[in-house]
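Below: the structure, in structure tokens.
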Amino acid sequence: MARTLYDKVWDAHLVRQENDGTGLLYIDRHLVHEVTSPQAFEGLRLANRKPWRVDSILAVPDHNIPTVGRNEGISDPVAKIQLETLDNNCDEFGVTEFKMDDIRQGIVHVIGPEQGATLPGMTVVCGDSHTSTHGAFGALAHGIGTSEVEHVLATQCLIQNKMKNMLVNIEGPVGKGVTAKDIVLRIIGEIGTAGGTGCAIEFAGQGIRDLSIEGRMTVCNMAIEGGARAGMVAVDEKTIEYVKDRPFAPKGDDWDKAVVAWQDLKSDDDAVFDQVVNIDGASIEPQVTWGTSPEMVVGVGDSVPNPATENEAVKRSGMEAALAYMDIVADAPITSINVDKVFIGSCTNSRIEDLRAAAEIAEGKKVAANITLAMVVPGSGLVKQQAEQEGLDKIFLEAGFEWREPGCSMCLAMNADRLEPGERCASTSNRNFEGRQGKGGRTHLVSPAMAAGAAIAGHFVDVREM
Amino acid sequence: MEKFTQHNGLVIPLDRPNVDTDAIIPKQYLKSVKRTGFGPNLFDDWRYLEPGEPDMDHSKRTVNTDFVLNKPEYAGGSILLARENFGCGSSREHAVWALTDYGIRSVIASSFADIFFNNSFKNGLLPIVLKENVIDELFALSAGKELQLTIDLDSQRVVVNGDSSLVYDFDVDEFKKYCLLNGLDDIGLTLQHADDIRAYEKKRKAEAPWLF
Ligand code: SF4
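Protein sequence lines, in the order shown, are assigned to chains A and B. Heads up, the first sequence is in numbering that gives the first Met the number 0, so the first residue is 0 and it goes up one at a time. Heads up, the second sequence is in numbering that gives the first Met the number 0, so the first residue is 0 and it goes up one at a time.
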């Protein structure tokens with residue numbers, strides 16, 4: 000029977016299946032960070048259990064690590080305990096961890112692929128919903144809760160029901176200046192934040208094939224914002240090229256065998272999907288979210304939607320509440336919205352290509368006077384190093400951006416990087432929920448180029464015209 | 000894990016779609032390394048007027064009297080009524096821990112985000128999906144007044160105000176129901192299949208050695 004990419008990876012990892020359809024799925028790679036793991040390690044200890052396969056685990060602190068003054072240690076005492084707890088747990092159980100002072104430290108979803116710890120066809124889990132990122136390699140990757148973290152630690156397996164198959168096709172090429180972020184925001188605008196609930200989404204079509212692996216990671220990263228726990232892209236030459244020679248990638252004979260096996264990591268031509276969405280690539284503009292949910296998004300050339308045009312009562316009141324929270328008016332052109340802060344970073348957009356795209360816009364220009372803070376937070380120590388070798392840090396610093404140490408930073412504002420009440424931010428992260436970047440803060444999601452453009456202009460601009 | 004068999008409780012109506020995990024428990028409380036103590040900070044941004052930090056005495060903060068959790072008619076409620084896509088956003092199980100720590104035993108909504116839905120079952124919190132028109136009816140029944148529901152997991156029924164003629168059936172996955180009814184730790188259940196896991200590993204190592 001013809002199978003989808005998701006079907007194939009699922010089948011290859013099924014340890015057993017119960018009569019009611021519940022599967023026991025084997026997990027190849029378990030990524031761990033400080034926020035969702037302490038209670039899981041504690042549970043393990045209380046039950047006198049050990050990790051089933053300690054070499055499958057890779058840990059890194061990222062969520063509440065400071066992005067400045069690291070040599071002074073961590074000033075927040077509560078965060079400090081959590082970070083120390085991760086270090087201690089990893090030491091006690093023998094888990095490989097990139098500690099805070101390791102050049103390889105960074106956001107968990109950036110370092111996995113960077114190290115080759117994420118491989119095509121793997122099952123990858125992490126106690127973080129953006130684990131969907133790793134699906135860019137034709138892996139089955141999804142976020143799990145802390146109880147499941149403990150379950151995977153103890154058993155190397157996850158109890159799972161099979162998801163449905165959804166296909167999102169970006170037909171034809173996208174226009175110049177349109178990035179992976181714009182593609183995925185447009186997809187979420189189309190399907191809604193619950194559109195992919197219960198599904199694994201395969202992203203396909205020329206618009207996706209044309210993307211680099213980093214771009215595909217950006218798209219899969221936000222599958223969860225469309226409600227899907229997992230996003231996937233079929234393996235091609237670019238995938239194999241990206242993985243080759245990375246520290247955790249197979250070498251020699253194993254590499255040759257792996258490359259042969261990976262050729263099959265695509266949906267069969269006649270595979271049937273439960274749901275198919277087609278989007279014309281040429282119709283995608285640079286996107287800007289205007290509300291408090293990623294589905295509240297429009298093209299940069301559009302205006303803020305008017306709730307009066309929405310027939311459904313629950314939706315309409317949701318739009319009204321979002322406009323009130325965001326303090327913007329219906330029908331205002333997107334380009335008329337001024338911002339206070341700019342954040343370039345997060346597991347969605349903090350890889351080298353993202354920084355290059357932002358630097359290209361910022362080069363030789365200055366951050367606008369109304370911007371109180373524009374910050375660039377690389378996704379990992381190695382991304383930072385690479386950017387510095389290319390001189391990107393200088394471009395940012397000369398333009399008036401701050402250049403920080405790697406971590407999640409203002410994506411979720413667990414550390415000191417945050418919005419104050421009422422502040423408005425152009426952000427390359429993935430969630431614009433109320434209070435996400437600080438209580439009362441207002442977030443507009445955009446691509447790195449669009450964020451840099453907003454920093455220079457002081458308001459949103461169409462970067463294709465810069 | 001706490002068992003869930005039958006529960007009788009007061010409904011707290013939270014009439015908004017897409018309630019995300021950031022709203023359920025804001026990020027500053029995720030720094031804790033424990034599973035307990037999150038109750039006072041459930042819906043923190045909506046519940047209190049000033050921004051909250053983990054080290055505060057939350058009983059001294061100014062409450063937002065407009066927020067449903069602070070209304071006297073819903074005090075002591077243990078069943079949360081919500082709308083579509085409840086629990087969207089991050090995978091943080093802290094969201095479930097905050098609900099259970101507050102005393103919520105069940106959340107009723109027209110749909111849930113996948114990860115939240117799964118996490119609930121692991122903590123003795125029963126998420127119940129009912130049709131949108133039923134949800135509308137329940138919101139009408141609970142608007143400004145007391146609505147008591149009896150939830151029976153074994154028979155998969157919700158009884159309204161003890162009235163046996165006003166009953167809604169719900170679906171629940173067999174395995175999840177079994178674990179919840181018996182308060183079972185699923186790690187123990189999985190480890191009963193340890194031989195299967197080892198056999199899988201052996202076979203897989205031969206086929207795909209680069210994964211080990
Ligand atoms: S960067 Fe943001 S979304 Fe990504 S893992 Fe960190 S907190 Fe989560």
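Just so it is clear, CB atoms sit at the ideal spot from N, CA and C, and this is done for glycine as well.
Under the three-state reduction of DSSP, Q5(B) is assigned to strand. Under the Cβ distance rule, L13(B) does not count among the residues neighbouring chain A, no pair being separated by less than 8 angstroms. Looking at the backbone, the Cα of N429(A) and that of C410(A) are separated by about 8 angstroms. Within 7 angstroms of the CB of C156(A), the CB atoms of chain B belong to T189 and I196, in sequence order along the chain. In the pairwise beta carbon analysis, the segment 273-286 of chain A is classified as touching the segment 180-187 of chain A: at least three pairs are separated by under 8 angstroms. Fully contained in the segment 402-457 of chain A are the following beta strand (DSSP E) runs of length 3 or more, in chain order: 423-426 and 441-444.
According to the DSSP assignment, C125(A) belongs to the beta strand (DSSP E) that extends over T122 to C125. The Cβ atoms of I187(A) and V167(A) do not sit closer than 8 angstroms to each other. As a beta-bridge residue in DSSP terms, D151(B) pairs with Q5(B) and R156(B). The C-beta of D56(B) comes no closer than 8 angstroms to any C-beta of chain A.
G8(B) is classed as buried because its beta carbon has at least 16 other beta carbons within 10 Å across all chains shown. Among the residues of chain B, those whose CB is under 7 angstroms from the CB of S292(A) are N17, following chain order.
When the alpha-carbon of G230(A) is set against those of A116(A), H129(A), D273(A) and G290(A), the nearest one is in H129(A). Boundaries around S119(B) are those of the alpha helix (DSSP H), D113 to F120, since no beta strand (DSSP E) includes it. Interface residue (Cβ-Cβ distance to chain B less than 8 angstroms): R435(A) is classified as such. For R208(A), the enclosing alpha helix (DSSP H) covers residues Q205 to R208. Here the segment 120-133 of chain B does not lie against the segment 458-465 of chain A, with fewer than 3 beta-carbon pairs under 8 angstroms apart. The residue among R315(A), V234(A), A233(A) and V258(A) with its C-alpha nearest the C-alpha of D244(A) is V258(A). Look at D19(B) here: in three-state DSSP terms it is strand. Any Cβ of chain B closer than 8 angstroms to the Cβ of Y25(A) would place that residue at the interface, and such an atom is present. Under the three-state reduction of DSSP, G68(A) is assigned to coil, being neither helix nor strand. Here A222(A) is buried, its C-beta having at least 16 other C-beta atoms within 10 Å.
Interface annotation, Q205(A): not in contact with chain B, CB-CB separation never under 8 angstroms.
Of the heavy atoms belonging to the ligand SF4, at least one sits nearer than 7 angstroms to the Cβ of C410(A). Distances between the C-beta of C87(B) and the heavy atoms of the ligand SF4 are all 7 angstroms or more. Closer than 8 angstroms to the CB of N181(B) there is not a single CB belonging to chain A. Here G142(A) carries a strand assignment [DSSP, helix/strand/coil]. Judged by their CB atoms, E147(A) and R350(A) are not nearer to each other than the 8 angstroms cut-off.
Look at T35(A): its C-beta is under 8 angstroms from a C-beta on chain B. Using a CB distance below 7 angstroms, no part of the segment 93-108 of chain B faces chain A. Taking a cut-off of 8 angstroms on C-beta distances, the segment 189-199 of chain A touches the segment 109-117 of chain B, as three or more cross pairs fall below it. Look at I107(B) here: in three-state DSSP terms it is strand. Residue side-chain check: S292(A) keeps its Cβ at 7 angstroms or more from all non-hydrogen atoms of the ligand SF4. Straight across, the Cα-Cα distance linking E419(A) with K340(A) is about 10 angstroms.
The DSSP assignment places 20-23, 43-46 and 93-101 as complete runs of the alpha helix (DSSP H) inside the segment 19-105 of chain B, in order along the chain (cut-off: 4 residues).
Where S163(B) is concerned, the enclosing beta strand (DSSP E) starts and stops at D162 to D168.
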